[in-house]
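First residue of the sequence shown? That's 279 in this note's numbering, and the numbers climb one at a time after it.
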Amino acid sequence: MTVRLDCQGLSGGRGSATVFRDLHLEVHEASVLALLGPNGAGKSTLLLTLAGLLAAHGGRVTVDGTPLRNGSAVSANRAGVVLVPDNRSLFTTLTVAENLDVARSRHGTAPRELLDVFPALEKRWHLPAGALSGGEQQMLAMARALIQQPKVLLVDEMSMGLAPRVVEVLFDTVRQVATDHGAAVILVEQHVNLALGVADEAAVLNRGAIVLQGSARDLRGDAQRLERAYFGTPQPAP
(Lines of atoms letter the chains of each structure in order from A and count residues from 1; the text may use other names and numbers.)
(Lines give C-alpha, C1' and ligand atoms only; values in the text may rest on other atoms or scores of the structure.)
Protein backbone atom coordinates (compact mmCIF):
# COMPACT_ATOMS: atom_id res chain seq x y z
CA MET A 1 0.00 0.00 0.00
CA THR A 2 1.30 3.45 -0.94
CA VAL A 3 2.55 5.81 1.77
CA ARG A 4 0.51 8.96 1.31
CA LEU A 5 1.75 11.08 4.24
CA ASP A 6 5.31 10.67 5.50
CA CYS A 7 6.81 12.56 8.46
CA GLN A 8 10.50 12.05 9.14
CA GLY A 9 12.29 13.51 12.15
CA LEU A 10 9.53 16.09 12.59
CA SER A 11 9.83 18.54 15.48
CA GLY A 12 7.62 21.51 16.18
CA GLY A 13 5.79 23.70 18.62
CA ARG A 14 4.42 27.16 19.13
CA GLY A 15 6.94 29.94 18.79
CA SER A 16 10.30 28.91 20.20
CA ALA A 17 8.80 26.28 22.54
CA THR A 18 9.21 22.74 21.21
CA VAL A 19 6.12 20.63 21.86
CA PHE A 20 7.00 17.44 19.95
CA ARG A 21 10.33 16.21 18.64
CA ASP A 22 11.80 13.72 16.15
CA LEU A 23 8.49 12.16 15.15
CA HIS A 24 8.38 9.47 12.49
CA LEU A 25 4.91 8.75 11.13
CA GLU A 26 3.64 7.12 7.96
CA VAL A 27 0.00 7.05 6.92
CA HIS A 28 -0.97 4.96 3.91
CA GLU A 29 -3.61 5.76 1.35
CA ALA A 30 -7.09 4.54 2.27
CA SER A 31 -6.17 4.21 5.95
CA VAL A 32 -6.95 5.92 9.24
CA LEU A 33 -4.37 6.62 11.96
CA ALA A 34 -5.81 7.34 15.40
CA LEU A 35 -3.52 9.78 17.18
CA LEU A 36 -4.11 9.42 20.90
CA GLY A 37 -2.66 10.96 24.03
CA PRO A 38 -3.46 13.12 27.06
CA ASN A 39 -4.29 16.81 26.88
CA GLY A 40 -1.18 18.88 26.24
CA ALA A 41 0.70 16.04 24.52
CA GLY A 42 1.05 18.05 21.29
CA LYS A 43 -1.58 16.38 19.11
CA SER A 44 -3.30 19.56 17.90
CA THR A 45 0.05 21.30 17.45
CA LEU A 46 1.17 18.41 15.25
CA LEU A 47 -1.94 18.70 13.07
CA LEU A 48 -1.44 22.46 12.69
CA THR A 49 2.15 21.81 11.67
CA LEU A 50 1.15 19.22 9.08
CA ALA A 51 -1.41 21.68 7.69
CA GLY A 52 1.29 24.36 7.35
CA LEU A 53 -0.32 26.69 9.87
CA LEU A 54 2.71 26.36 12.15
CA ALA A 55 6.31 26.09 10.95
CA ALA A 56 8.16 22.91 11.87
CA HIS A 57 11.34 23.26 13.92
CA GLY A 58 12.96 20.40 12.03
CA GLY A 59 12.36 17.36 9.88
CA ARG A 60 10.26 17.05 6.76
CA VAL A 61 6.77 16.16 5.59
CA THR A 62 5.93 14.68 2.19
CA VAL A 63 2.63 13.90 0.48
CA ASP A 64 2.87 11.24 -2.22
CA GLY A 65 6.65 11.68 -2.11
CA THR A 66 6.60 15.45 -2.67
CA PRO A 67 8.03 17.58 0.19
CA LEU A 68 5.76 20.28 1.62
CA ARG A 69 7.09 23.80 2.03
CA ASN A 70 7.63 24.40 5.75
CA GLY A 71 5.07 26.66 7.38
CA SER A 72 3.05 27.16 4.19
CA ALA A 73 -0.67 26.42 4.51
CA VAL A 74 -1.07 27.15 0.80
CA SER A 75 1.56 24.54 -0.12
CA ALA A 76 -0.05 21.96 2.16
CA ASN A 77 -3.55 22.62 0.83
CA ARG A 78 -2.43 22.45 -2.79
CA ALA A 79 -0.85 19.09 -2.01
CA GLY A 80 -4.21 17.88 -0.74
CA VAL A 81 -3.84 18.36 3.02
CA VAL A 82 -7.10 19.49 4.64
CA LEU A 83 -7.62 20.20 8.35
CA VAL A 84 -10.88 20.03 10.28
CA PRO A 85 -9.88 22.00 13.42
CA ASP A 86 -11.37 21.47 16.85
CA ASN A 87 -13.10 24.88 16.71
CA ARG A 88 -14.59 24.08 13.24
CA SER A 89 -13.66 27.56 11.92
CA LEU A 90 -16.88 28.06 9.99
CA PHE A 91 -18.01 31.32 8.45
CA THR A 92 -20.89 31.75 10.88
CA THR A 93 -22.68 34.52 8.94
CA LEU A 94 -22.62 32.56 5.67
CA THR A 95 -25.19 29.89 4.88
CA VAL A 96 -24.43 26.19 4.70
CA ALA A 97 -24.42 26.41 0.90
CA GLU A 98 -22.11 29.44 0.92
CA ASN A 99 -19.64 27.79 3.33
CA LEU A 100 -19.34 24.85 0.94
CA ASP A 101 -19.16 26.99 -2.17
CA VAL A 102 -16.30 29.04 -0.72
CA ALA A 103 -14.30 25.88 0.01
CA ARG A 104 -14.73 24.01 -3.26
CA SER A 105 -12.32 24.20 -6.15
CA ARG A 106 -13.41 25.53 -9.54
CA HIS A 107 -14.01 22.07 -11.02
CA GLY A 108 -14.51 20.15 -7.78
CA THR A 109 -17.48 18.51 -6.12
CA ALA A 110 -20.78 20.40 -6.34
CA PRO A 111 -21.99 21.47 -2.87
CA ARG A 112 -25.28 19.56 -3.10
CA GLU A 113 -23.42 16.31 -3.69
CA LEU A 114 -22.39 16.48 -0.03
CA LEU A 115 -26.04 15.98 0.95
CA ASP A 116 -25.60 12.32 0.03
CA VAL A 117 -23.11 12.13 2.90
CA PHE A 118 -24.85 14.53 5.31
CA PRO A 119 -28.58 14.55 4.44
CA ALA A 120 -29.37 16.35 7.70
CA LEU A 121 -27.88 19.53 6.21
CA GLU A 122 -30.50 19.78 3.47
CA LYS A 123 -33.10 21.40 5.73
CA ARG A 124 -30.43 23.85 6.92
CA TRP A 125 -29.12 24.67 3.43
CA HIS A 126 -30.05 28.36 3.49
CA LEU A 127 -29.45 28.98 7.20
CA PRO A 128 -26.31 30.74 8.46
CA ALA A 129 -23.78 28.34 9.97
CA GLY A 130 -24.03 30.18 13.30
CA ALA A 131 -27.68 29.08 13.61
CA LEU A 132 -26.86 25.36 13.40
CA SER A 133 -26.61 22.96 16.32
CA GLY A 134 -23.19 21.73 17.38
CA GLY A 135 -23.67 18.46 15.54
CA GLU A 136 -24.81 20.21 12.38
CA GLN A 137 -21.84 22.55 12.54
CA GLN A 138 -19.47 19.60 12.79
CA MET A 139 -21.16 17.94 9.83
CA LEU A 140 -20.72 21.16 7.87
CA ALA A 141 -17.05 21.38 8.88
CA MET A 142 -16.54 17.82 7.65
CA ALA A 143 -18.49 18.50 4.46
CA ARG A 144 -16.37 21.58 3.81
CA ALA A 145 -13.27 19.42 4.12
CA LEU A 146 -14.63 16.69 1.84
CA ILE A 147 -15.58 19.14 -0.90
CA GLN A 148 -11.85 19.87 -1.24
CA GLN A 149 -11.26 16.20 -2.16
CA PRO A 150 -8.42 15.72 0.35
CA LYS A 151 -5.53 13.34 -0.10
CA VAL A 152 -4.70 13.81 3.58
CA LEU A 153 -7.50 14.60 6.04
CA LEU A 154 -6.60 15.84 9.53
CA VAL A 155 -9.48 15.73 12.01
CA ASP A 156 -9.12 17.26 15.48
CA GLU A 157 -11.54 16.21 18.24
CA MET A 158 -14.65 16.05 16.06
CA SER A 159 -16.83 14.30 18.67
CA MET A 160 -16.35 16.95 21.37
CA GLY A 161 -19.69 17.74 23.03
CA LEU A 162 -21.82 15.95 20.43
CA ALA A 163 -24.68 13.47 20.80
CA PRO A 164 -23.77 9.79 20.29
CA ARG A 165 -25.96 9.47 17.18
CA VAL A 166 -24.17 12.38 15.50
CA VAL A 167 -20.78 11.00 16.51
CA GLU A 168 -21.64 7.66 14.89
CA VAL A 169 -22.44 9.39 11.59
CA LEU A 170 -19.20 11.35 11.68
CA PHE A 171 -17.03 8.32 12.43
CA ASP A 172 -18.70 6.42 9.59
CA THR A 173 -17.84 9.35 7.33
CA VAL A 174 -14.17 9.26 8.34
CA ARG A 175 -14.00 5.58 7.44
CA GLN A 176 -15.75 6.26 4.13
CA VAL A 177 -13.35 9.06 3.19
CA ALA A 178 -10.41 6.72 3.68
CA THR A 179 -11.87 3.62 2.07
CA ASP A 180 -13.79 5.12 -0.85
CA HIS A 181 -11.52 8.05 -1.72
CA GLY A 182 -8.07 6.71 -0.84
CA ALA A 183 -7.36 9.49 1.65
CA ALA A 184 -4.89 9.15 4.50
CA VAL A 185 -6.65 10.26 7.67
CA ILE A 186 -5.16 11.30 11.00
CA LEU A 187 -7.86 11.34 13.64
CA VAL A 188 -7.15 13.05 16.97
CA GLU A 189 -9.77 11.89 19.41
CA GLN A 190 -10.25 11.65 23.18
CA HIS A 191 -12.82 8.84 22.83
CA VAL A 192 -10.15 6.18 22.57
CA ASN A 193 -12.35 3.14 21.87
CA LEU A 194 -14.33 4.98 19.20
CA ALA A 195 -11.14 6.07 17.49
CA LEU A 196 -9.61 2.59 17.63
CA GLY A 197 -12.84 1.14 16.25
CA VAL A 198 -12.59 3.14 13.03
CA ALA A 199 -8.78 3.27 12.67
CA ASP A 200 -6.35 0.91 10.98
CA GLU A 201 -3.30 2.07 12.94
CA ALA A 202 -2.85 3.98 16.17
CA ALA A 203 -0.11 6.00 17.82
CA VAL A 204 0.09 7.43 21.32
CA LEU A 205 1.77 10.82 21.67
CA ASN A 206 2.93 11.67 25.17
CA ARG A 207 5.36 14.34 26.35
CA GLY A 208 6.23 15.21 22.78
CA ALA A 209 7.17 11.70 21.62
CA ILE A 210 5.45 8.68 20.09
CA VAL A 211 5.53 6.19 22.96
CA LEU A 212 3.40 3.44 21.43
CA GLN A 213 2.42 2.58 17.88
CA GLY A 214 0.76 -0.40 16.24
CA SER A 215 -2.41 -1.76 14.68
CA ALA A 216 -5.60 -0.32 16.13
CA ARG A 217 -7.01 -3.81 16.65
CA ASP A 218 -3.99 -4.95 18.65
CA LEU A 219 -3.97 -1.85 20.86
CA ARG A 220 -7.71 -2.07 21.42
CA GLY A 221 -7.19 -5.60 22.69
CA ASP A 222 -4.41 -4.61 25.10
CA ALA A 223 -6.03 -2.02 27.34
CA GLN A 224 -3.31 -2.14 30.02
CA ARG A 225 -0.50 -1.44 27.57
CA LEU A 226 -2.48 1.37 25.97
CA GLU A 227 -3.30 2.89 29.36
CA ARG A 228 0.34 2.85 30.44
CA ALA A 229 1.38 4.65 27.27
CA TYR A 230 -1.47 7.15 27.54
CA PHE A 231 -0.74 8.12 31.13
CA GLY A 232 3.04 7.82 30.95
CA THR A 233 3.37 4.78 33.22
CA PRO A 234 6.62 2.86 32.55
CA GLN A 235 6.16 -0.26 30.46
CA PRO A 236 7.10 -3.55 32.20
CA ALA A 237 10.35 -5.22 31.21
CA PRO A 238 9.96 -7.98 28.57
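Glycine is no exception: its CB is placed at the ideal position from the N, C-alpha and C atoms.
Worksheet item: If you count every other CB in all the chains shown that lies within 10 Å of the CB of Arg422, and 16 or more means buried, which is it?
Response: As a working note, residue 422 is residue 144 in the sequence shown. Arg422 is buried by the Cβ-count criterion.
Discussion item. In whole angstroms, give me the CA-to-CA distance for Phe369 and Leu361.
Written reply: Walking along the sequence shown from the start, residue 369 turns up at place 91. Walking along the sequence shown from the start, residue 361 turns up at place 83. Using only the alpha carbons, I get a separation of about 15 Å.
Discussion item. Could you tell me the alpha carbon to alpha carbon distance between Ala381 and Leu448, rounded to whole angstroms?
Written reply: By one-based count along the sequence shown, residue 381 stands at place 103. By one-based count along the sequence shown, residue 448 stands at place 170. Inter-residue distance for Ala381 and Leu448 is about 19 Å (C-alpha atoms, whole angstroms).
Worksheet item: Does DSSP put Ser309 in a helix, a strand or coil?
Response: For the purposes of this step, residue 309 is taken as residue 31 along the sequence shown, with counting starting at 1. In the structure shown, Ser309 sits in a strand (DSSP, three-state: E or B).
Item to complete: Work out the CA separation of Glu400 and Gly486 for me, nearest whole Å.
Response: Along the sequence shown, one-based indexing puts residue 486 at 208. Along the sequence shown, one-based indexing puts residue 400 at 122. Distance between the alpha carbons of Gly486 and Glu400: 42 Å.
Worksheet item: From what residue to what residue does the beta strand (DSSP E) around Ser383 run?
Response: To locate residue 383, count along the sequence shown from 1; it is residue 105. Element bounds for Ser383: n/a, residue is neither H nor E.
Worksheet item: Which partner residues does Asn484 have in the DSSP bridge list?
Response: Position 206 of the sequence shown, counting from 1, holds the residue named residue 484. DSSP, once it has assigned bridges, lists Ala487 as partnering Asn484.
Item to complete: Whole angstroms is fine: what's the gap from Val374's alpha carbon to Gln426's?
Response: Taking the sequence shown and counting its residues from 1, one reaches residue 374 at position 96. Taking the sequence shown and counting its residues from 1, one reaches residue 426 at position 148. Spanning the two alpha carbons is a distance of roughly 15 Å.
Worksheet item: What do you get for Arg245, buried or exposed, if any count of 16 or more other CB atoms within 10 angstroms of its CB means buried?
Response: Nothing about residue 245 can be read from this structure; the chain reaches only from 279 to 516.
Discussion item. Using only CA atoms, which one of Thr387, Arg443, Val395 and Val433 lies nearest to Gly413?
Written reply: As a position in the sequence shown, residue 413 is number 135, starting the count at 1. Closest option to Gly413, Cα to Cα, is Arg443.
Fill in: Reduced DSSP category for Arg498 - H, G, I as helix; E, B as strand; rest coil
Position 220 of the sequence shown, counted from the first residue, corresponds to residue 498. Residue state, collapsed to three classes: helix.
Worksheet item: Would you report the Cα separation of Ile464 and Thr344, rounded to the nearest angstrom?
Response: Residue numbering aside, residue 464 sits at position 186 when the sequence shown is read from its first letter. Residue numbering aside, residue 344 sits at position 66 when the sequence shown is read from its first letter. C-alpha separation (whole angstroms): 19 Å.
Item to complete: Rounded to whole angstroms, what's the CA-CA distance from Arg503 to Leu497? Just pull it up for me.
Response: Walking along the sequence shown from the start, residue 503 turns up at place 225. Walking along the sequence shown from the start, residue 497 turns up at place 219. Using only the alpha carbons, I get a separation of about 8 Å.
Worksheet item: Does the separation of the CB atoms of Gly337 and Leu405 fall below 8 Å?
Response: The residue given as residue 337 occupies position 59 in the sequence shown. The residue given as residue 405 occupies position 127 in the sequence shown. In this structure, Leu405 does not lie closer than 8 Å to Gly337 by Cβ.
Worksheet item: For Ala494, which residues from the same chain have a beta carbon less than 7 Å from its beta carbon, with the 5 sequence-adjacent residues on both sides left out?
Response: Here residue 494 refers to the residue found at position 216 when the sequence shown is read from its first residue. Excluding sequence neighbours, Ala494 sits near Ala312, Leu474, Ala477, Asp478, Glu479 and Ala480.
Discussion item. Between which residues of its own chain and Gln286 is the CB-CB distance below 7 Å, once the five residues before and five after are set aside?
Written reply: Numbered from 1 along the sequence shown, position 8 holds the residue referred to as residue 286. In its chain, beyond the 5 residues on either side, His302, Gly337 and Arg338 have a beta carbon closer than 7 Å to the beta carbon of Gln286.
Discussion item. Can you look up Gly439 in the DSSP assignment and give me helix, strand or coil?
Written reply: As a position in the sequence shown, residue 439 is number 161, starting the count at 1. Gly439 falls in the coil class under three-state DSSP.
Discussion item. At the level of alpha carbons, what is the spacing between Glu304 and Asp342?
Written reply: Within the sequence shown, numbered from 1, the residue matching residue 304 stands at position 26. Within the sequence shown, numbered from 1, the residue matching residue 342 stands at position 64. Roughly 11 Å separates the two Cα atoms.
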